[in-house]
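4 protein chains.
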Amino acid sequence: MSDQDLRIGLIGAGKMGADHAVRIHERISGARLVAVGDPDVDRARQVADGAAARAEHDPFAVIDASDVDALVIASPGVVHEPLLLAAIERGVPVLCEKPLTPDSKSSLRVVEAEEARGKHLVQVGFMRRFDPEYVELKRMLDAGDLGRALLLHCVHRNASTPPGFTSQMMIFDSVVHEFDTARWLLDQEIAAVSVRWPRSSAAAPEGLIDPQVVTVETTGGVLVDVEIFVNCGFGYQVRCEAVGEHGTALVGADSGPVVHHGGRWGGNVTADFRDRFGTAFDQEFQRWAGAARQGGVDPAAAGAWDGYAAAAACEAGVLAQTTGARTEVELADRPGFYA
Amino acid sequence: MSDQDLRIGLIGAGKMGADHAVRIHERISGARLVAVGDPDVDRARQVADGAAARAEHDPFAVIDASDVDALVIASPGVVHEPLLLAAIERGVPVLCEKPLTPDSKSSLRVVEAEEARGKHLVQVGFMRRFDPEYVELKRMLDAGDLGRALLLHCVHRNASTPPGFTSQMMIFDSVVHEFDTARWLLDQEIAAVSVRWPRSSAAAPEGLIDPQVVTVETTGGVLVDVEIFVNCGFGYQVRCEAVGEHGTALVGADSGPVVHHGGRWGGNVTADFRDRFGTAFDQEFQRWAGAARQGGVDPAAAGAWDGYAAAAACEAGVLAQTTGARTEVELADRPGFYA
Amino acid sequence: MSDQDLRIGLIGAGKMGADHAVRIHERISGARLVAVGDPDVDRARQVADGAAARAEHDPFAVIDASDVDALVIASPGVVHEPLLLAAIERGVPVLCEKPLTPDSKSSLRVVEAEEARGKHLVQVGFMRRFDPEYVELKRMLDAGDLGRALLLHCVHRNASTPPGFTSQMMIFDSVVHEFDTARWLLDQEIAAVSVRWPRSSAAAPEGLIDPQVVTVETTGGVLVDVEIFVNCGFGYQVRCEAVGEHGTALVGADSGPVVHHGGRWGGNVTADFRDRFGTAFDQEFQRWAGAARQGGVDPAAAGAWDGYAAAAACEAGVLAQTTGARTEVELADRPGFYA
Amino acid sequence: MSDQDLRIGLIGAGKMGADHAVRIHERISGARLVAVGDPDVDRARQVADGAAARAEHDPFAVIDASDVDALVIASPGVVHEPLLLAAIERGVPVLCEKPLTPDSKSSLRVVEAEEARGKHLVQVGFMRRFDPEYVELKRMLDAGDLGRALLLHCVHRNASTPPGFTSQMMIFDSVVHEFDTARWLLDQEIAAVSVRWPRSSAAAPEGLIDPQVVTVETTGGVLVDVEIFVNCGFGYQVRCEAVGEHGTALVGADSGPVVHHGGRWGGNVTADFRDRFGTAFDQEFQRWAGAARQGGVDPAAAGAWDGYAAAAACEAGVLAQTTGARTEVELADRPGFYA
């Protein structure tokens with residue numbers, strides 16, 4: 001790395017943004033937060049104060065600031081597109097929390113803008129790519145330790161949902177991680193998506209279909225099933241079992257201290273994604289900061305094309321949810337720029 | 001139990017029959033083998049000799065023998081129907097290895113014959129109902145420990161298949177266990193079956209689609225997915241994870257001595273179904289022998305109706321396999337006799 | 001086996017005796033209970049009735065009965081010696097619950113009597129030798145899978161103790177199992193015993209030193225440590241980790257269905273020794289019954305010499321407990337009869 | 001934190017020093033390496049170059065440099081004392097890899113110097129205090145979740161030893177971690193140490209007694225046993241099971257992806273301490289850097305007194321190793337400064 005710290009502007013001072021501000025300020029080497037932008041400027045100020053940064057009402061003021069070397073976008077997905085386009089235009093590296101944008105059309109515009117700019121600047125926050133177990137699973141699959149991959153069995157559970165969480169959000173906010181995981185682990189695109197569900201849990205809020213089972217077919221003939229259950233009650237759990245021709249590998253098995261007490265053995269379930277993936281987030285940010293100081297992005301991370309492909313899979317998923325039918329994913333041709 | 005040993009006639013002296021002969025002779029209390037019938041009388045004699053029983057060429061000679069109190073049928077499924085009808089007519093309790101019969105029509109004839117006889121005589125060898133872990137899972141579900149059941153995730157893997165094993169047999173011989181397990185655990189019928197598959201493993205013999213994923217919908221709105229992979233290469237593995245409204249429970253986790261050696265930790269995978277379910281078979285036979293000495297069947301076991309329902313689900317499964325479409329299971333009305 | 005059932009006389013109708021009566025009656029092939037002897041004849045009758053056997057007030061009446069082919073002794077250890085000597089004199093095979101006798105002098109008299117009789121008739125109920133995991137561990141050690149054994153780490157925990165349980169009984173009733181396990185797994189004698197302890201648990205009854213740590217040195221230079229904790233509160237747990245030159249193996253890891261519920265993952269701890277070792281007891285009895293029908297004992301089981309050696313180790317253990325000093329075990333020369 | 005980066009001088013450019021240089025340069029927020037001192041100045045330069053720092057031949061030049069705000073000492077233990085005294089005199093915070101010094105007398109001199117200086121400046125690198133599982137175990141013990149602690153069972157295994165590794169080093173280099181762990185987890189001092197061992201492994205180099213079992217008594221009456229096995233062959237393994245009055249908790253259980261392959265289930269053993277405790281080191285350094293920027297030390301970390309107490313326990317351990325006798329630890333009175 002160069003001697004100079006990477007000066008980061010953060011857009012979005014919600015829960016995720018606040019978490020990242022602490023991360024950058026307290027745990028990331030060679031980087032510091034200089035500005036926090038949020039229309040709710042009080043919220044921005046609160047986050048900024050903890051990190052000795054300044055607060056801005058206008059996110060674009062952060063993007064345009066001459067002392068901002070790189071951007072973290074943690075605002076709601078619906079406002080990502082103009083922020084990303086502005087950042088690409090200015091040529092600053094961006095770590096954008098998923099989703100890239102909420103739909104594939106706008107995602108494709110980001111892809112095209114980046115391609116036109118001719119420089120990889122956009123990274124999407126699919127943090128599982130930095131979880132040590134997932135990294136090891138990818139290594140095994142790439143090395144052929146299990147033979148060719150045939151199936152992935154995925155489980156994605158949350159203890160409960162905030163008010164207003166919809167069945168569509170189960171795809172866009174939750175299963176989007178499995179879409180990216182499958183693409184990344186297998187080096188294949190998603191070809192089609194189907195969605196089925198049992199009767200809903202009594203713990204699911206009115207109107208929410210929960211749990212659901214999403215089935216994914218990849219271009220390489222792998223079948224992926226995903227249980228998404230966002231009101232499971234007992235904690236946050238993310239598991240993936242890869243089934244290959246000669247063996248299987250499971251990531252996300254229970255871990256932590258093993259207690260014997262009161263007639264039971266076992267341990268604690270992780271409470272939420274920060275508890276489960278905190279180290280992965282740190283890794284992701286540290287590697288991104290290192291790459292951004294060189295003006296680029298981390299090649300191990302998800303880029304704009306990955307964000308676009310995930311958005312396209314999500315759209316197919318929501319359509320499949322609505323129609324009950326197997327739905328093919330339509331992808332633009334992959335530009336050589338993203339080969 | 002009464003003072004008198006239960007005198008058992010065994011029909012079918014193949015691998016399964018031979019295994020059961022040893023079981024009855026060496027491990028089951030209050031029962032002894034008196035006759036073994038198999039068209040291949042040499043094979044029958046070999047099995048009979050080990051258990052101090054006599055060999056018969058004609059299976060019906062075993063059914064009709066005056067010193068036979070109860071029957072175990074371990075011959076191929078295609079010959080079950082006439083054997084079962086003869087046993088029902090004679091009024092002797094029968095423990096019939098699965099399948100009851102190979103198709104639902106003939107199974108229904110057995111059901112009707114038993115109902116006409118007015119006495120429960122037929123038990124089907126779904127041994128998982130006697131596996132201690134499955135029994136505990138059923139107890140939890142019945143007690144509502146996990147809330148209402150919503151999903152079952154099942155995995156059923158064999159190291160490899162014998163010559164001649166077909167994709168249809170993956171349903172009839174293998175997934176039939178999951179059909180029965182789901183019906184029993186949930187106290188629900190199977191409403192519909194779908195089958196999908198990834199590209200087949202290079203280890204699968206020519207013509208075999210392996211692995212496959214079977215999805216089951218139950219009359220109570222539970223969704224069950226079953227990975228059936230009969231050439232997985234590494235051993236025999238049967239797992240079932242029940243997902244309820246408030247929690248999950250998994251049976252079939254890895255067990256046995258945990259070894260650290262050569263940079264690895266872990267243990268042995270069970271080699272085959274005898275290794276995995278040996279204790280369950282013993283339990284099944286011991287309880288059946290106890291019930292048969294009273295002239296009846298074990299109420300905890302699968303009966304003729306269960307055999308019929310499993311056959312109907314298998315037919316739907318094979319149809320779904322062929323057509324690629326979700327296929328509904330058509331069941332006769334359940335007679336009060338089987339309530 | 002011969003055609004004739006083994007006719008078993010049971011002496012001792014306490015908890016253990018009652019358990020064995022059910023075992024013989026309901027789960028053991030080729031054997032039946034004919035007589036139950038206990039000075040408390042009501043208790044004897046209760047146990048006998050359930051198994052269609054007769055009750056006797058005088059245990060020697062059971063030993064002398066002409067219709068008794070073999071004996072199970074489940075009475076208190078203090079009365080074992082005369083019963084065993086009478087059985088040896090009559091030449092009937094005996095399965096004697098541990099301890100063989102409560103002290104090494106009387107145990108040696110049993111050894112000498114059996115040797116004088118010139119026939120192996122006595123088997124001691126160290127059931128762990130029939131637990132599938134221990135059997136596999138023994139196989140690994142014998143095969144050298146882990147290299148030469150160096151250490152054994154043992155844990156032996158009970159939820160709580162009945163009234164009157166003493167520190168000495170922790171050695172004689174509990175650690176005696178580890179003494180036999182170590183001798184059997186290693187094919188070595190116990191050379192010396194030391195005992196240490198931390199402050200006692202507040203849950204330990206007045207006067208009981210609980211937990212304790214017993215250290216054993218074997219004649220082959222293996223060091224064995226045993227945590228004995230009889231009021232651990234949470235269940236029954238028996239674990240043994242063998243450390244060899246190239247690897248380790250652990251038996252007794254937690255098993256059973258794995259549940260996720262209420263923020264926790266895990267399962268149930270076995271409640272007591274019947275829950276943990278039920279299958280081992282069944283195996284032990286079945287194999288013993290088979291051998292006894294041939295007039296002998298099971299070579300895989302513990303014999304009189306093993307009972308004697310365990311008693312000698314227990315005496316050293318209690319002495320070590322009292323003096324706080326390392327105490328050597330004094331063994332008679334092993335007769336060729338027990339080679 | 002203040003706006004200014006903490007400027008760190010590193011003394012010792014061996015394996016550990018090089019590892020910490022990378023850590024500071026690439027993963028620690030708010031800190032940077034400015035100087036690396038090692039008598040082997042080529043080695044120093046190599047390490048310094050990777051972190052854009054300067055190399056020094058004379059460690060004291062690093063301590064005295066005006067641009068060094070804090071020190072990391074990773075040189076051999078025998079040279080720690082003068083370095084620490086100089087740092088204390090200059091008033092700069094020091095993170096000193098264990099041991100504080102190689103004997104209790106010199107450690108006490110460091111303690112006294114720090115006390116005389118009147119400011120907590122010295123932190124000792126017992127990184128387990130920052131391992132998430134150990135932190136959770138400490139929380140449980142402090143909260144009384146398991147009742148009062150009674151026993152600790154510890155296992156500490158390395159795949160193999162470098163040339164020249166001695167039996168004494170097994171205490172000073174390895175078990176010293178368990179001494180600190182026990183003191184920290186229990187908030188008690190070590191009262192006495194005993195050492196025993198089985199026959200040595202054939203894999204142990206000539207002259208090395210390996211494995212050994214160290215038994216520790218604490219001032220609060222807890223008994224701690226430690227298996228130290230430094231040529232176990234299969235990897236690096238550190239486990240600790242705390243046994244309390246109402247329950248037990250184990251840290252260091254096997255983790256990582258679970259693979260089924262070739263008839264086996266399981267995963268990889270961690271290869272070395274960096275693999276096992278990398279995250280703990282990062283945490284330790286990050287927290288220390290934060291505290292050092294305020295001019296102090298991390299209160300959660302081990303201080304000079306802890307380093308002294310560990311050295312005293314090591315001395316007792318080595319004496320116990322030599323004499324074969326239980327050896328009491330003699331500690332100076334704990335000054336109020338370290339209360």
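Protein chains in written order, with full-length UniProt numbering: chain W, 1 to 339; chain F, 1 to 339; chain Z, 1 to 339; chain B, 1 to 339. Glycine included, every Cβ here is placed at the ideal spot set by N, Cα and C.
- For the pair residue 195 of chain Z and residue 224 of chain Z, the CB atoms are not nearer than the 7 Å cut-off.
- Per the DSSP secondary-structure output, residue 224 of chain F pairs in a beta bridge with F:152 and F:216.
- When CB distances to chain W are screened at a threshold of 8 Å, the residues of the stretch 274 to 285 of chain B falling below it are 279, in chain order.
- With a contact defined as Cβ atoms closer than 8 Å, residue 23 of chain F and residue 281 of chain F qualify at about 6 Å.
- Excluding the 5 residues flanking it on each side, residue 6 of chain F has same chain C-beta neighbours closer than 8 Å at 30, 31, 32, 69, 70, 289, 292 and 293, in chain order.
- Classified as buried, residue 238 of chain B has 16 or more neighbouring CB atoms from the shown chains inside 10 Å of its CB.
- Under a criterion of Cβ atoms nearer than 8 Å, the residues of chain F adjacent to residue 227 of chain W are, in order, 151, 153 and 243.
- Only residues of its own chain outside the window of five on either side were considered, and among them 81 have a CB closer than 6 Å to the CB of residue 106 of chain B, listed in chain order.
- Residue nearest to residue 248 of chain B within the set W:236, W:255, W:249 and W:263 is W:263 (criterion: CA-CA distance).
- Our two residues, residue 102 of chain B and residue 124 of chain W, have alpha carbons roughly 50 Å apart in a direct line.
- Within the stretch 60 to 119 of chain Z, the runs of beta strand (DSSP E) that reach at least 3 residues and sit entirely inside it are, in chain order, 70 to 73 and 94 to 96.
- The C-alpha of residue 217 of chain W lies about 44 Å from the C-alpha of residue 12 of chain F.
- DSSP places residue 8 of chain Z within a strand segment (E or B) once states are collapsed to three.
- One alpha carbon belongs to residue 267 of chain B, the other to residue 253 of chain B, and they sit about 12 Å apart.
- Boundaries of the beta strand (DSSP E) around residue 56 of chain F: 54 to 56.
- In this structure, the alpha-carbon of residue 210 of chain B lies about 55 Å from that of residue 171 of chain F.
- Look at residue 66 of chain Z: its C-beta is not under 7 Å from any C-beta on chain B.
- Annotation: residue 83 of chain B to residue 108 of chain B spans about 15 Å, alpha carbon to alpha carbon.
- The contact set of residue 148 of chain B on chain Z, defined by CB atoms closer than 9 Å, consists of 199, 201 and 202 in chain order.
- Take residue 58 of chain W, set aside five residues on each side of it, and the residues of its chain with a beta-carbon closer than 7 Å to its own are 37, in chain order.
- Counted as a single uninterrupted DSSP element, the alpha helix (DSSP H) harbouring residue 283 of chain W occupies residues 273 to 293.
- In this structure, residue 97 of chain W sits near residue 74 of chain W, with a CB-CB distance shorter than 7 Å.
- Distance check between residue 169 of chain F and each of F:236, F:314, F:114 and F:285 places F:314 closest, using alpha-carbon atoms only.
- For residue 258 of chain Z, the C-beta contacts it makes with chain F under 9 Å involve 241, 248, 249, 250, 251 and 253, in order along the chain.
- Between the stretch 147 to 162 of chain F and the stretch 227 to 234 of chain F there are three or more C-beta pairs closer than 8 Å, enough to call the two in contact.
- A check of alpha carbon separations from residue 88 of chain W across W:67, W:111 and W:180 identifies W:111 as the nearest.
- Taking C-beta separations shorter than 6 Å and ignoring five residues to either side along the sequence, the partners of residue 229 of chain Z in its chain run 157 and 211, following chain order.
- Comparing alpha carbon positions, the residue from Z:42, Z:319 and Z:308 closest to residue 335 of chain Z is Z:308.
- Exposed is the label assigned to residue 91 of chain W, since fewer than 16 other Cβ atoms lie within 10 Å of its Cβ.
- In the three-state reduction of the DSSP assignment, residue 250 of chain B falls in the strand class, which pools E and B.
- Looking at W:285, W:139, W:269 and W:137, the one whose alpha-carbon comes closest to that of residue 93 of chain W is W:285.
- Nearest to residue 40 of chain F by C-alpha distance, out of F:270, F:317 and F:76, is F:76.
- Put simply, the CB of residue 6 of chain B is far from chain Z, with every gap to its CB atoms at 7 Å or more.
- Listed in chain order, the non-local C-beta contacts of residue 273 of chain B below 7 Å within the same chain comprise 236, local neighbours out to five positions each way being set aside.
- Boundaries cannot be given for residue 125 of chain F, as no beta strand (DSSP E) includes it and DSSP labels it neither H nor E.
- Under the 7 Å criterion on CB atoms, residue 238 of chain B is classed as non-interfacial with respect to chain F.
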